[in-house]
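Visitor:
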Amino acid sequence: LVARMRQFGETIFAEMSRLAAETGSINLGQGFPDTDGPRSLLQGAARRIEQGVNQYPPGPGRVELRGAVAADRARRYGLEYDPDTEVYITVGATAGIAASVLGLVEPGDEVVLFEPMYDSYAGVIALAGGVRRPVALRPDPDQGGRFRFDADELRAAIGPRTRMIIVNSPHNPTGTVFTPDELDVIAELCREHDLIALTDEVYEHLTFDDAAHVPLATRAGMRDRTVAVSSAGKTFSVTAWKTGWVMGPEPLVRAARTVNQFLTFTANGALQLAIADAIRDETEWVAAQRDALQRKRDRLAAGLREAGFGVMRPQGTYFVMTDIRPLGYSDGIELARALPGRAGVAAVPAQVLYDNVAEGRHLVRFAFCKRDEVLDDAVIRLTRYA
Ligand code: PMP
Ligand code: GLN
6 LVARMRQFGE TIFAEMSRLA AETGSINLGQ GFPDTDGPRS LLQGAARRIE
56 QGVNQYPPGP GRVELRGAVA ADRARRYGLE YDPDTEVYIT VGATAGIAAS
106 VLGLVEPGDE VVLFEPMYDS YAGVIALAGG VRRPVALRPD PDQGGRFRFD
156 ADELRAAIGP RTRMIIVNSP HNPTGTVFTP DELDVIAELC REHDLIALTD
206 EVYEHLTFDD AAHVPLATRA GMRDRTVAVS SAGKTFSVTA WKTGWVMGPE
256 PLVRAARTVN QFLTFTANGA LQLAIADAIR DETEWVAAQR DALQRKRDRL
306 AAGLREAGFG VMRPQGTYFV MTDIRPLGYS DGIELARALP GRAGVAAVPA
356 QVLYDNVAEG RHLVRFAFCK RDEVLDDAVI RLTRYA
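Dropping the structure here:
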């Protein structure tokens, strides 16, 4: 293994899913739903495959999907992108993020990002030879435990070598949805220091209560310095379909596109056509899914609280963060490794998503994107164990 990747082993999501499978546990670790996406989407893909849509799509993706993505982005957020040059289809958001970082970050460039951080960011920054500059999100007792950043800490993390800032909102694993004011603080720093923003918006549709997703690209001066990434996996409950998109000004998208030609070349074909239809036709399904997830959040949060966990209420995503200290535990990795064997439940220790591990030692993430009876069973098991 090359030196710059030696800091990485098996990802935490793979490890916890493996432990869950080995022990027959309920898997509230890796975030994937246990119900299917809309029928029309599944049938649309199957139909296309049977009709022979089985050869390489164009490099940048099917024009139908690029068009649907651009129209949807314009309708919901007022952001205009040219489907030919400013939208690009990738193998999941993961490949879009990787291609963007590899295409835009030089060796030695610094990348500012919020921790806890989704694991692929650290991996691709290392691949690019970049340097991570993490800024902590911490629970604010005045905001009901909502995780947020300190503007002075963010300012202090930016220096002359900073090239990029990565903003994931709605945020995995904390569930924070960044507010317009928070985005404006980030935007101002991007303008002042001439930074590129990479936004990971894969949970854009999954926001709860009165939280609404606002893309960083909508803030003043940001459209032309932001590469936005999203994907179909979470929106339509098809995480295995690995179909994502990169949206941004032509020069930034071209950078990602140049790299991606040699990573995956192109992405699946039939699925792209089915997803294009669903983006246009399944907005009601997505809204109902959002409401169902909000109820699941409440259900699991109440159960975990009852079991003795400290629970931080997420505003979006599939995940709820918990503090294990009220139960008398202090090390989330230790607890998460023990839970499958002892309690029959898998979760994800947040600590592995931090550079400053002390910040997240006591935090464990549970996924609530599961059927109600599965959530209830998990709570019974956790209550018995805790
Ligand atoms: N970003 C975040 C924050 C995620 O949680 C995930 C995983 N679901 C991804 C990116 C990857 O998305 P995809 O499966 O489309 O590659
Ligand atoms: N995004 C999913 C999660 O956060 C997992 C994706 C993966 O396994 N890499 O749980």
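Each residue of the sequence shown is one higher than the one before, starting from 6 at the first, in our numbering.
Glycine included, each C-beta is placed from N, C-alpha and C at the ideal position.
1) Out of F183, R300, G226, point me to the one whose CA is closest to A216's CA.
2) Does the segment 127-145 touch the segment 108-117, meaning 3 or more C-beta pairs lie closer than 8 Å?
3) Considering only DSSP beta bridges, list what M252 is partnered with.
4) What does the alpha-carbon distance come out to for the pair F371 and E187?
5) Return the first residue and the last residue of the alpha helix (DSSP H) that M21 is part of.
6) Our contact map puts A141 next to E364 with C-beta atoms below 8 Å; I'd like the distance itself, whole angstroms only.
7) For the candidate residues V251, A275, D286, whose alpha-carbon lies nearest to that of P88?
8) Around the Cβ of L118, are there at least 16 other Cβ atoms within 10 angstroms (buried) or fewer (exposed)?
9) What did DSSP end up calling L175 once you bin it into helix, strand or coil?
10) Beta carbon of F18: closer than 7 Å to some heavy atom of the ligand GLN?
11) Ends of the alpha helix (DSSP H) at V129?
12) Which residue's Cα is closest to the Cα of L408: L309, V207, H367, G14?
13) Buried or exposed, going by whether 16 or more other CB atoms sit within 10 Å of the CB of N4?
14) Please list, in chain order, all residues of the same chain as R376 whose beta carbon is under 7 Å from its beta carbon, the five residues on each side excluded.
15) CB-CB under 8 Å to E120, same chain, minus the five flanking residues each way: which ones, in chain order?
16) With which residues is E115 paired in a DSSP beta bridge?
17) Per DSSP, which one or two residues make a beta bridge with T212?
Guide: The structure says:
1) The count along the sequence shown starts at 1 and reaches residue 216 at position 211. Selected option, being the one with the closest Cα: F183.
2) yes
3) The residue labelled residue 252 in the question sits at position 247 within the sequence shown. Paired residues: V92, A233.
4) Residue numbering aside, residue 371 sits at position 366 when the sequence shown is read from its first letter. Residue numbering aside, residue 187 sits at position 182 when the sequence shown is read from its first letter. Distance between the alpha carbons of F371 and E187: 26 Å.
5) Reading the sequence shown from its first residue, position 16 is the one you call residue 21. Here the alpha helix (DSSP H) through M21 covers 17-28.
6) Taking the first residue of the sequence shown as 1, we reach residue 141 at position 136. Taking the first residue of the sequence shown as 1, we reach residue 364 at position 359. Right, the Cβ-Cβ distance comes to about 5 Å (below 8 Å), so this counts as a contact.
7) Here residue 88 corresponds to residue number 83 of the sequence shown, with the count starting at 1. When only C-alpha atoms are compared, the closest one is V251.
8) Here residue 118 refers to the residue found at position 113 when the sequence shown is read from its first residue. L118 comes out buried.
9) Start at 1 with the first residue of the sequence shown, and residue 175 comes out as number 170. A small fix is needed here, since residue 175 is Pro in this sequence, not Leu. Note: P175 maps to coil in three-state DSSP.
10) Against the sequence shown, residue 18 aligns to sequence position 13. Yes; taking the cut-off as 7 Å, the Cβ of F18 has a heavy atom of the ligand GLN nearer than that.
11) Taking the sequence shown and counting its residues from 1, the one referred to as residue 129 is at position 124. Counting along the chain, the alpha helix (DSSP H) containing V129 begins and ends at 124-133.
12) Since the first residue shown for the chain is 6 and the last is 391, residue 408 is missing from the structure and cannot be characterised.
13) This structure leaves residue 4 out entirely; the chain is present only between 6 and 391.
14) Here the question's residue 376 lines up with position 371 in the sequence shown. D39, T40, listed in sequence order.
15) Residue numbering aside, residue 120 sits at position 115 when the sequence shown is read from its first letter. For E120, where only same-chain residues beyond five positions count, the Cβ hits under 8 Å are P139, V140, A141, L142, L358, Y359, D360, N361, E364, G365.
16) For the purposes of this step, residue 115 is taken as the residue at position 110 of the sequence shown. In the DSSP output, where bridge partners are listed per residue, E115 has V136, T167.
17) Position 207 of the sequence shown, counted from the first residue, corresponds to residue 212. According to DSSP, which records beta bridges pairwise, T212 is partnered with G321.
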